[in-house]
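Okay, structure first, notes after.
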Amino acid sequence: MFPAIRPVQQGIVHIAFVIDPMATLNVAKDSTLAMIRAAQRRGWRISVLGPGDLALQHGRVVGWMRDLALKPEAVDDLDSANPGDYYHIGPEGRTALDDVDIVMMRKDPPFDMEYVYATYLLERARDAGAVVVNDPGSLRDCNEKFYATAFADCTPPLVVASREDVLLDFHAEYGDVVFKKLDGMGGASIFRVRQDDPNLRVVVETLTGNGTTPVMAQQFIPAISAGDKRILLIDGEPVPYALARIPKPGETRGNLAAGGAGVGQPLSERDAAIAARVAPDLRRRGLRFVGIDVSGDFLTEINVTCPTCIRELDRQFGLDIAGDLLDRLGEPSAGEREGLAPRKKEPSAGEREGLAPGREQG
């Protein structure tokens, strides 16, 4: 027999984070920890759970959650917190997600079937009234590399294909090309292949699994040497500073996970124009917190699953990006205000009249 669902605490905002295990988070740089700290500073109740802790029972999505609180010294100075001892975590309890005010899906890729199934469950919770960020259906639909192709006027020349001849022809046309898997992260499985590189066919065969999996081939952007810029958007509005991730000498990838150095800088006119170009579609899809990647004048990726770089920008410019995000999440999304994104589901007439199943009682 499962334990009773926890009762709702009236008057206290309850935010739940679907994340990787707390012990795996990097206390010095993790953006989710900035969100947790911002919630604690606002006096909110904070819970954490993993994708495997979600379930559908009696038509209602529930989660086995643990309440979490950062220790006072971590709230005051998260950057200096002891990685092995900076939070308190409570016992596990079962909570209905539609009784939670905000559910943050902050599980890192890989975007595997566990992730996909979690979005199905979160979508049911959203339909029952939970505010889920980012929208679960859009998390499934918007592959972070392929989604950028919806804005072809902003991207460099590229192709997406599994056919070897298509990829080789593209390389022959542009000479200096970056090949990357559509499901890679952190700079993994990215290869720059110059003209006359003897490894061209090997790279194509390996990345496509001998023609079975589509990959992206993109013209190399020389401006990457000045930094691959991460621009964060909250409800489609960009933070006024970007984090330029500058590759190590001799390296093509600027990703921080690949050893790049993060240098903050104000948005350029082109950065702002690209952000404005993608913003309406982000709002329409309920993508409330997003990181776009810009190299030179080109959009290269739209990160929707677990955007990072909050901590680096906060540190360099005295910002509180997570606090700004949480303040916005307490309001209707820009997409809802503009009639573009789905609103919370209202009780049906049958539920109001007691004729249809309503919420399970704890």
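Going by the numbering used here, the sequence shown runs without a break in its numbering and finishes at 362.
Note that beta-carbon positions come from the ideal geometry of N, C-alpha and C, so glycine has one too.
Is it buried or exposed for residue i, if we count other Cβ within 10 angstroms and need 16 for buried?
i    : result
E173 : exposed
M216 : buried
N26  : exposed
V278 : buried
M113 : exposed
P238 : buried
L56  : exposed
T119 : buried
S138 : buried
What is the rounded straight-line gap between the Cα of residue i and the Cα of residue j?
i    : j    : result
V166 : P157 : 14 Å
G50  : P247 : 33 Å
D101 : L200 : 51 Å
V160 : Y147 : 12 Å
D153 : F298 : 9 Å
R163 : G186 : 25 Å
T213 : D320 : 41 Å
Q218 : R315 : 33 Å
D79  : W44  : 21 Å
V193 : G291 : 27 Å
Does DSSP put residue i in a helix, in a strand, or in coil?
i    : result
L121 : helix
T252 : coil
E360 : Since pLDDT at E360 reaches only 39, below the 50 mark, its modelled position is unreliable, and the value read off the structure follows with that caveat. Looking at E360 - three-state DSSP - the assignment turns out to be coil, as it is neither helix nor strand.
L287 : coil
H14  : strand
L282 : helix
R311 : helix
L267 : coil
I19  : coil
Going by DSSP, what residues sit across from residue i in a beta bridge?
i    : result
D228 : R245, S295
K145 : DSSP, once it has assigned bridges, lists no residue as partnering K145.
I89  : L68
K181 : V215
F191 : F179
Assuming residue i contacts residue j under a Cβ cut-off of 8 Å, what Cβ separation, rounded to an integer in Å, is found between them?
i    : j    : result
F179 : V204 : 7 Å
R230 : D293 : 6 Å
L68  : S47  : 7 Å
Is there a Cβ of chain C sitting closer than 8 Å to that of residue i, yes or no?
i    : result
P110 : The chain labelled as chain C is not found in the depicted structure, where only one protein chain is given.
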